[in-house]
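Numbering (full-length UniProt numbering), first residue to last: 1 to 286. The beta-carbon is built from N, C-alpha and C at its ideal position, and this holds for glycine as well. Note that this is a predicted model, so its numbers are computed, not measured. Worksheet: one structure, shown below.
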């Protein structure tokens, strides 16, 4: 059996499939980011997924795509954890999230963008991944992401820039006690995930001019920070977007891309189904 996982920092989708790519099981857990979570936390997340229990000894091939992967230490960490849990596995592949985005959208040249809990961007020439601008994470960058939207909402609320009617709605939706917010940001795991949890508020209030301006500002920041560095490539190749923020903000994205003379080809909210099909099409043997 083949186990495919697509993980961001917020959630991880799992699909168990046969060798032909036919889905046998879908499950979802908390997000697994090896750069942000300890071994113990990652093991706990996987072990607590009871859906996978009956199949742990039957899995022979694992393809794990995730935020925080892509370095030797992170990849080795994930591989060892998966080897210990799925003890009969004889092939384990660990790939970073941009590879998942490519495999879920195209086999041809194009610019690939991720807008989910975090953000990332690269160019795929049909064979190689070319990343001109590094992803600096939620502290320094992540323009266009869910956590960036969360930061903008919190700043607007505490700096009293948010209109009163929105501030009241914000207080009803979240615990806005500053001590609690600081606890989540500076003392708990996954502050990026916590920040991204506020993004839902923005999309639930899309019709408000303040929120609409905030979202346009957020997407404009992503375009300026990332896409302008791929201007030459975008004269001939399309852009593909992956992630929930991109999916729900695609009207704003399309408008801003049109102003730049670019075109978006694909918006994929959840890559997992396409990843299973890609792996099956490659006929990767365990």
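Around the beta carbon of residue 57, fewer than 16 other beta carbons sit within 10 angstroms, so the residue counts as exposed. The shortest C-alpha to C-alpha distance from residue 46 to any of 17, 12 and 67 is the one to 12.
The straight-line gap separating the alpha-carbon atoms of residue 82 and residue 64 is approximately 9 Å. For residue 173, the closest alpha carbon among the candidates 209, 199 and 185 is that of 199. Under a 10 Å Cβ-count criterion, residue 256 is classified as buried, with 16 or more other Cβ atoms of the shown protein chains found around its own Cβ.
Within the segment 229 to 253, complete alpha helix (DSSP H) segments of at least 4 residues are found at 231 to 234 and 244 to 248, given in chain order. Looking only at 247, 80 and 50, the smallest Cα-Cα distance to residue 38 is reached by 80. The Cβ atoms of residue 24 and residue 52 do not sit closer than 9 Å to each other. Ranked by Cα distance from residue 218, the first of 29, 236 and 118 is 118.
Residue environment: residue 6 is assigned as buried (16 or more neighbouring CB atoms within 10 Å of its CB, all protein chains considered).
Going by C-alpha positions, residue 136 is about 23 Å away from residue 271. In this structure, residue 247 lies away from residue 276, with their beta-carbon atoms at least 9 Å apart. For residue 98, same chain residues with a beta-carbon under 7 Å away, outside a window of 5 residues either side, are 112, 114, 120, 122 and 129 in chain order.
In this structure, the alpha-carbon of residue 196 lies about 33 Å from that of residue 22. DSSP places residue 216 within a helical segment (H, G or I) once states are collapsed to three. Your pair residue 59 and residue 3 checks out as a contact, with CB atoms roughly 5 Å apart and the cut at 8 Å.
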